[in-house]
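Taking it in order: structure first as structure tokens, then the write-up.
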Amino acid sequence: MNDHAVLHVKGRILVGPEEVRDELWVVDGRISYDRPVAARDVRRVSGWALPGLVDAHCHVGLGPHGPVDQDVAEKQALADREAGTLLIRDAGSPSDTRWVDDREDLPKIIRAGRHIARTRRYIRNFAWEIEPEDLVAYVAQEARRGDGWVKLVGDWIDREVGDLAPSWPRAEVEAAIAEAHRLGARVTAHCFAENSLQDLVEAGIDCVEHATGLTEDLIPLFASRGVAIVPTLVNIATFPKLADGGETKFPRWSAHMRRLHERRYDTVRAAYDAGIPVFVGTDAGGTLPHGLVAAEVAELVTAGIPPLDALAATTWSARAWLGRPGLTEGAPADLVVYDQDPRADVRVLADPDRIVLNGRVLP
Numbered sequence: 016m017n018d019h020a021v022l023h024v025k026g027r028i029l030v031g032p033e034e035v036r037d038e039l040w041v042v043d044g045r046i047s048y049d050r051p052v053a054a055r056d057v058r059r060v061s062g063w064a065l066p067g068l069v070d071a072h073c074h075v076g077l078g079p080h081g082p083v084d085q086d087v088a089e090k091q092a093l094a095d096r097e098a099g100t101l102l103i104r105d106a107g108s109p110s111d112t113r114w115v116d117d118r119e120d121l122p123k124i125i126r127a128g129r130h131i132a133r134t135r136r137y138i139r140n141f142a143w144e145i146e147p148e149d150l151v152a153y154v155a156q157e158a159r160r161g162d163g164w165v166k167l168v169g170d171w172i173d174r175e176v177g178d179l180a181p182s183w184p185r186a187e188v189e190a191a192i193a194e195a196h197r198l199g200a201r202v203t204a205h206c207f208a209e210n211s212l213q214d215l216v217e218a219g220i221d222c223v224e225h226a227t228g229l230t231e232d233l234i235p236l237f238a239s240r241g242v243a244i245v246p247t248l249v250n251i252a253t254f255p256k257l258a259d260g261g262e263t264k265f266p267r268w269s270a271h272m273r274r275l276h277e278r279r280y281d282t283v284r285a286a287y288d289a290g291i292p293v294f295v296g297t298d299a300g301g302t303l304p305h306g307l308v309a310a311e312v313a314e315l316v317t318a319g320i321p322p323l324d325a326l327a328a329t330t331w332s333a334r335a336w337l338g339r340p341g342l343t344e345g346a347p348a349d350l351v352v353y354d355q356d357p358r359a360d361v362r363v364l365a366d367p368d369r370i371v372l373n374g375r376v377l378p
């Protein structure tokens, strides 16, 4: 679209779970619900329109062995865009992806800086690997580099124990989270196991990734503190294969991973039932392909979350949580149009009809 072109979206504009309008206009890349007085060069699109989908756990610029070249990162971002993901919370990347901000054809990214992990307690080349006495300094560094988030690795396999174990002592993680908050950043943490969660939540963590270790006694703590979870169920589906690979060397860890996998749906449903905020994230990057947002929404429904709430977890609620607008007056026109109602069947999300980013209808 040129600077004077106008886009007219007509049909069912899903402004919110309960708010539906018949049409919107895009003028100079922004949403308006008032018909332009002198509209010309009007392009028309019709269908069911949603705010651009959110992948709240994604890794642009990360591959199986660490950072990737810019051309690979571009392909990752394009795969997410083609799936309808127009807003990404990049939950840890060793690559500098600031160049994406200058591209109006790529999803918007909210960065959490680089993962912060314990020495030799995470995937090689992914994270800053440090000891507890340096945690506050590194959290401050990534808080300044990121876009309001910092990502910790809360637990990982301890080779001496042969199983998952917490990465950080309580005092150090309390000080680090307090420093992040002082700098205006929220903190999230990768956590598979049960035994890292209480300290992190009581220390003031804002979100937990995966959260497979949530148990009946921990759920009320999360709910009372308002700590969100991003379950990444499409990633948790890989646990049995990981367990098989580690069976010989770490049988205790392998058995633990299988148990976490077996109860994954019950865990997510129990969290939702308790009022814990649940958001959509795919964990794309590393070993998982990009563009899995529709599959993750479907997994939340399989876990027992009502379809409308699973849809909200990648649209209205997710954008509000991340402080980004949806289909509101004056907001950037980032939206996805479908030829069927995604509220009736979330599987519709897998087949976008039109994608509009920064007011431009993408091919």
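When we follow our numbering, the leftmost residue of the sequence shown carries the number 16, and every step to the right adds one. Cβ coordinates follow ideal geometry from the N, Cα and C atoms, glycine included. Model, not experiment: these values are computed from the prediction.
### Residues sharing a beta bridge with P82, DSSP
L77
### Message
Only counting the same chain, and skipping five residues up and downstream in sequence, which positions put a Cβ closer than 6 Å to that of G341?
### Response
P66, W331 and R334
### Query
Exposed or buried, what is G260 when buried is set at 16 or more other beta-carbons lying within 10 Å of its beta-carbon?
exposed
### Query
Taking T227 as the reference, which of R240, F254 and P322 has the closest Cα?
Nearest option by C-alpha distance: F254.
### Query
Which residue comes first and which comes last in the beta strand (DSSP E) that contains D201?
First, the residue type needs correcting, since residue 201 is Arg and not Asp in the sequence shown. First-last of the beta strand (DSSP E) with R201: R201 to C206.
### Message
Taking the beta carbon of E231 as the centre, do at least 16 other beta carbons fall within 10 Å, making it buried, or is it exposed?
### Response
exposed
### Task
If I'm right that E311 touches S47 with Cβ under 8 Å, what's the distance once you round it to whole angstroms?
So it is not a contact: roughly 32 Å between Cβ atoms.
### Task
Check whether the Cβ atoms of F207 and A286 sit closer than 8 Å, and answer yes or no.
no
### Message
I'd like the ranges of any alpha helix (DSSP H) spanning at least 4 consecutive residues and lying wholly in the stretch 267-293.
### Response
279-288
### beta strand (DSSP E) runs wholly inside the stretch 99-177, at least 3 long, in chain order
100-105, 123-126, 131-133, 143-145, 164-168 and 170-173
### Task
Just the C-alpha distance for V295 and G163, rounded to the nearest angstrom, thanks.
19 Å
### Query
Could you give the distance in angstroms between the alpha-carbon of L303 and the alpha-carbon of V35?
35 Å
### Query
Which one or two residues does DSSP pair with L372 in a beta bridge?
Paired residues: R375.
### Query
Can you name the start and end residues of the beta strand (DSSP E) that E38 belongs to?
V35 to V42
### Task
Take T247 and list the residues in its own chain whose beta-carbon comes closer than 6 Å to its own, dropping the five residues that flank it on each side.
H72, H225, G296 and D298
### Query
Anyone know if the C-beta pair for V21 and V52 falls short of 8 Å?
no
### Query
Should the stretch 262-273 be regarded as contacting the stretch 161-179, the criterion being three or more beta carbon pairs within less than 8 Å?
Taking 8 Å as the limit for Cβ pairs, the verdict is that the stretch 161-179 does touch the stretch 262-273.
#### Entry: 8 Å CB neighbourhood of P82 in its chain, flanking five on each side removed
By the criterion of a C-beta distance shorter than 8 Å, P82 is surrounded in its chain by G76, S108, P109, S110 and N140, once the five residues flanking it on both sides are discounted.
### Task
Apply the 10 Å Cβ neighbour rule to N210 and answer buried if 16 or more other Cβ atoms are within range, or exposed otherwise.
exposed
#### Entry: Counted within 10 angstroms of its Cβ, other Cβ atoms place R184 as buried (16 or more) or exposed
Strictly speaking, residue 184 in this sequence is Pro, with Arg absent from that position. Exposed, since its Cβ has fewer than 16 Cβ neighbours within 10 Å.
### Task
Take the Cβ of E119 as the centre, count every other Cβ of all protein chains shown within 10 Å, and call the residue buried at 16 or more, exposed below.
That one is exposed.
### Message
Which residue marks the beginning of the alpha helix (DSSP H) containing I4, and which one marks its end?
### Response
The first residue shown for the chain is 16 and the last is 378, placing residue 4 beyond what the model contains.
### Query
Excluding five sequence neighbours on each side, which residues of the same chain lie with their C-beta closer than 8 Å to the C-beta of A346?
R45, I46 and P340
### Task
Can you give me the start and stop residues for the beta strand (DSSP E) that S47 sits inside?
Run containing S47: R45 to S47, per the beta strand (DSSP E) assignment.
### Task
Assuming E70 contacts V308 (C-beta within less than 8 Å), just tell me the rounded distance between them.
With the sequence shown as reference, residue 70 is identified as Asp, and Glu is not the correct amino acid for it. About 5 Å separates the two Cβ atoms, so the contact holds.
### Message
From the DSSP secondary-structure annotation, give me the bridge partner or partners of P66.
### Response
L350
### Task
Tell me whether H196 sits in a helix, a strand or coil according to DSSP, three-state version.
Under the three-state reduction of DSSP, H196 is assigned to helix.
### Message
Given this structure, state the Cα-to-Cα distance separating S269 from Y353, to the nearest angstrom.
### Response
Here the C-alpha atom of S269 lies approximately 41 Å from the C-alpha atom of Y353.
#### Entry: Cross-strand partners of P181 (DSSP beta bridge)
D170
### Minimum C-alpha distance to A289 - residue among G319, H305 and E277
G319
#### Entry: Cβ shell of D37 (< 6 Å), same chain only, five flanking positions each side left out
none
#### Entry: Check whether A92 and L121 have beta carbons under 8 Å apart
Their beta carbons are under 8 Å apart, which means A92 touches L121 by this criterion.
### Task
With a cut-off of 8 Å on the beta carbons, I'd call L198 and L212 a contact; round off their distance for me.
Rounded, the Cβ-Cβ distance is 24 Å, inconsistent with contact.
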